[in-house]
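Participant: The working numbering applies: residue 57 is where the sequence shown begins, and numbers increase by one. Glycine is no exception: its CB is placed at the ideal position from the N, C-alpha and C atoms.
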Amino acid sequence: MYIREIQLSDSEEYLNVCKEIDAESEFLLFEAGERPTTLQEQKNRIEEMKERNNSTIFVVEKEGRLIGYLIAVGGQAKRNKHSVYIVVGIKKAYTGQGIGTRLFETLESWAKEKEVSRLELGVMSSNIAAFILYKKMGFELEGVKKNMFYVNGKFINEYLMAKFLD
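Below, the structure is given as structure tokens:
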């Protein structure tokens, strides 16, 4: 398994793995077939993120195939450029193998180099495994958005979490 920053040449495979993970997971924003991103939009987004000092996408590669990602989107104003919002997705067959931990370790090393001091994310309250991972990685619960998501006929709260780096 290899974790690296995304390259423009990964655009199509990255978009496909995002769609695959959407279809496998009840814990991400988009449901199966709902992601509206075109290949050109994906390429543009990767180029834009590569131009910004405080944003990136890490991809997880295994046996030459992408199996997961961590998106880090930094603030665009002087007042919040120290803060990065995170989204993580790992193919179901590879969860529980320490990949999430390795992604967050990679993120923290990158964040310190980029002078990012706040990492933040949202997680569905029903995603117990992710919540436990985030707590293990040092994230703290900051708040709750009640009934933020509607999944399989039920409203789900979103936990807002953050970690502060030295």
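Measure how close the beta-carbons of M217 and L197 come, nearest whole angstrom, since I'm counting them as under 8 Å.
Facilitator: At roughly 6 Å, the Cβ-Cβ gap stays under 8 Å, so M217 and L197 are in contact.
Participant: If you count every other CB in all the chains shown that lies within 10 Å of the CB of V126, and 16 or more means buried, which is it?
Facilitator: The question names Val, yet the displayed sequence has Leu at residue 126. Flag for L126 reads buried.
Participant: Going residue by residue through the segment 105 to 138, where are the continuous alpha helix (DSSP H) segments of at least 4 residues, counting only ones entirely within it?
Facilitator: Here no run is fully enclosed.
Participant: Put R60 into one of helix, strand or coil per three-state DSSP.
Facilitator: R60 falls in the strand class under three-state DSSP.
Participant: On the CB-based measure, 16 or more other CB atoms within 10 Å of its CB, does N100 come out buried or exposed?
Facilitator: Exposed, since its Cβ has fewer than 16 Cβ neighbours within 10 Å.
Participant: Quick one: give me the first and last residue of the alpha helix (DSSP H) that K192 is part of.
Facilitator: From DSSP, the alpha helix (DSSP H) with K192 extends over I184 to K192.
Participant: Does K148 pass the burial test, meaning 16 or more other C-beta atoms within 10 Å, or should it be called exposed?
Facilitator: Exposed, by the Cβ-count rule.
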